[in-house]
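Down below is the structure, laid out as structure tokens.
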Amino acid sequence: MDLVRVFLSRCAALIRSDRLDEDLDEEVRAHIDLATEENVRRGMTAQEARTRALREFGGVTQTKERYRVQRGLPRLEALAKDTRYAMRQLARNPGFTLTVIVTLALSIGANTAIFSIVNALMLKSLPYPHSERMGVIFMRIQGPGTADQRHQIDGRQWELLRDNAPARCGRCEACSKEWASTMRGRCLL
Amino acid sequence: MGENKSDVLQGTLDLMVLKTLEAMGPLHGYGIARRIEQVSDNGLSLNQGTIYPALLRLQQRGWIKAEWGLSETKRRAKFYSLTRIGRKQMTQETENWERIAGTMARFLAVSD
């Protein structure tokens, strides 16, 4: 609960930091003045009173700095400062900036293009039901001379297969061997 | 300077501020600092400026609130006062501190 409240208050302080700086300046000034007045009442000269008041306060600048660190979000402010610095440096070296931008643009573009292709071809499944059960059908003509050559089948052969072939899972080695032997001889070329 | 003065332990300043506000009512930063110096009989090495981060910390937690007002000498100053949450937390912090102080006292008594 406390943490939330502190965080919110720090965020709010970021937005109004100029006004709060003025507030702090005035508060510190009031402190020194009040201390000086009291010292004068105790019989010091105006100069003495003021010096004494400042000494008892401790470092005014350090106090304000510590106060600001406590007030805002110093890490976020540092990040914003670094970003502004980076932007200034880039604006100062347009050649370097251009090289960096072009390099980044090309590499991001190439990566995206390659990934799109790989994604469509290899990663995403095809837009059919049970697409994981799809396979490639080819023919292997056995006999002298043409051993182990793969042949694609044409539309007529495909229709023949569709109407005659028994259903198989088609994924495992044993299945496809069995399927192939069942089909052997049935396929009419 | 400061040879017989103790440093202010982390967290104790907050409680001193709360107790001061409870005893004195709304008070500006200088008044709080002076009061702490007087009550501690100048036995603390404390820059008066140190109380401002502490006051801010307490405000952020919602334990105290600040308002601009006029001092006895008609000077514009920020006056701090306890909130309801602040009062409740102060009771709890006081208990905490008394427990720690009691434990410490027992250790010191043993070594005598």
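These protein sequence lines are chains V and Z, in that order. Per my numbering, the first sequence starts with residue 1, numbered consecutively. Per my numbering, the second sequence starts with residue 1001, numbered consecutively. A virtual CB, placed ideally from N, CA and C, is assigned to each residue, including glycine. Here the structure is a predicted model, which means the values were calculated and not measured.
Might you give, ordered along the chain, the residues of its own chain that have their beta carbon closer than 8 Å to the beta carbon of residue i, omitting 5 neighbours on each side?
i       : result
Z:L1056 : none
Z:G1052 : Going by the sequence as given, residue 1052 of chain Z is Tyr instead of Gly. These residues qualify, in order along the chain: G1029.
Z:T976  : With chain Z running from 1001 to 1112 in the structure shown, residue 976 of chain Z is simply not present.
V:W158  : I137
V:V28   : F57, V60, T63, K64
V:A78   : none
V:Y85   : none
V:G155  : none
Can you tell me which of the options puts its alpha carbon nearest to the alpha carbon of residue i?
i       : options                            : result
Z:K1078 : Z:I1085, Z:R1084, Z:L1015, Z:K1065 : Z:K1065
V:S17   : V:I153, V:E48, V:G95, V:V69        : V:V69
Z:A1033 : V:P94, V:A53, V:I137               : V:A53
V:R66   : Z:T1050, Z:E1067, Z:Q1060, Z:S1081 : Z:T1050
V:R75   : V:L161, V:L14, V:R5                : V:L14
Z:I1085 : Z:G1025, Z:V1008, Z:L1058          : Z:L1058
Z:E1022 : Z:R1087, Z:Q1038, Z:G1031, Z:I1100 : Z:R1087
V:E26   : Z:E1067, Z:T1020, Z:S1040, Z:Q1038 : Z:E1067
How many whole angstroms separate the CB atoms of residue i and residue j, which I take to be in contact at a CB cut-off of 8 Å?
i       : j       : result
Z:L1018 : Z:E1093 : 7 Å
V:M134  : V:H151  : Wrong, their Cβ atoms sit about 20 Å apart, outside the cutoff.
V:L73   : V:R10   : 5 Å
V:L90   : V:T97   : 5 Å
V:R5    : Z:Q1089 : In fact, because the Cβ distance is near 12 Å, the residues do not count as touching under 8 Å.
Keeping to the same chain, check which residues put their C-beta closer than 6 Å to that of residue i; ignore five residues upstream and five downstream.
i       : result
Z:G1069 : F1079
Z:A1101 : none
Tell me which residue opens and which closes the alpha helix (DSSP H) that residue i is part of.
i       : result
Z:I1064 : Z:I1064 -> not in any alpha helix (DSSP H); beta strand (DSSP E) instead, spanning 1064–1070.
Z:A1023 : 1012–1024
V:N111  : 94–118
V:K64   : 60–71
Is residue i near the ligand PLP, in the sense that its beta carbon is under 7 Å from a heavy atom of that ligand?
i       : result
Z:S1045 : The ligand content of the structure shown is nil, which means the ligand PLP is not present either.
To which residues of the same chain is residue i closer than 7 Å at the C-beta, ignoring the five residues directly before and after it?
i       : result
V:A46   : V40
V:A49   : T36, N39, V40
Z:K1005 : G1043, L1044, S1045
V:S131  : S125
Z:D1007 : S1045
V:L104  : none
I'd like the span of the beta strand (DSSP E) that includes residue i, first residue to last.
i       : result
Z:Y1080 : 1076–1082
Query raised in the report: Counting pairs of Cβ atoms below 8 Å between the segment 25–40 of chain V and the segment 1069–1078 of chain Z, do you hit three or more?
Result: Here the segment 25–40 of chain V makes contact with the segment 1069–1078 of chain Z; the two share three or more CB pairs at distances below 8 Å.
Query raised in the report: If you pair each beta-carbon of the segment 1007–1014 of chain Z with each one of the segment 1041–1050 of chain Z, do three or more pairs fall below 8 Å?
Result: yes
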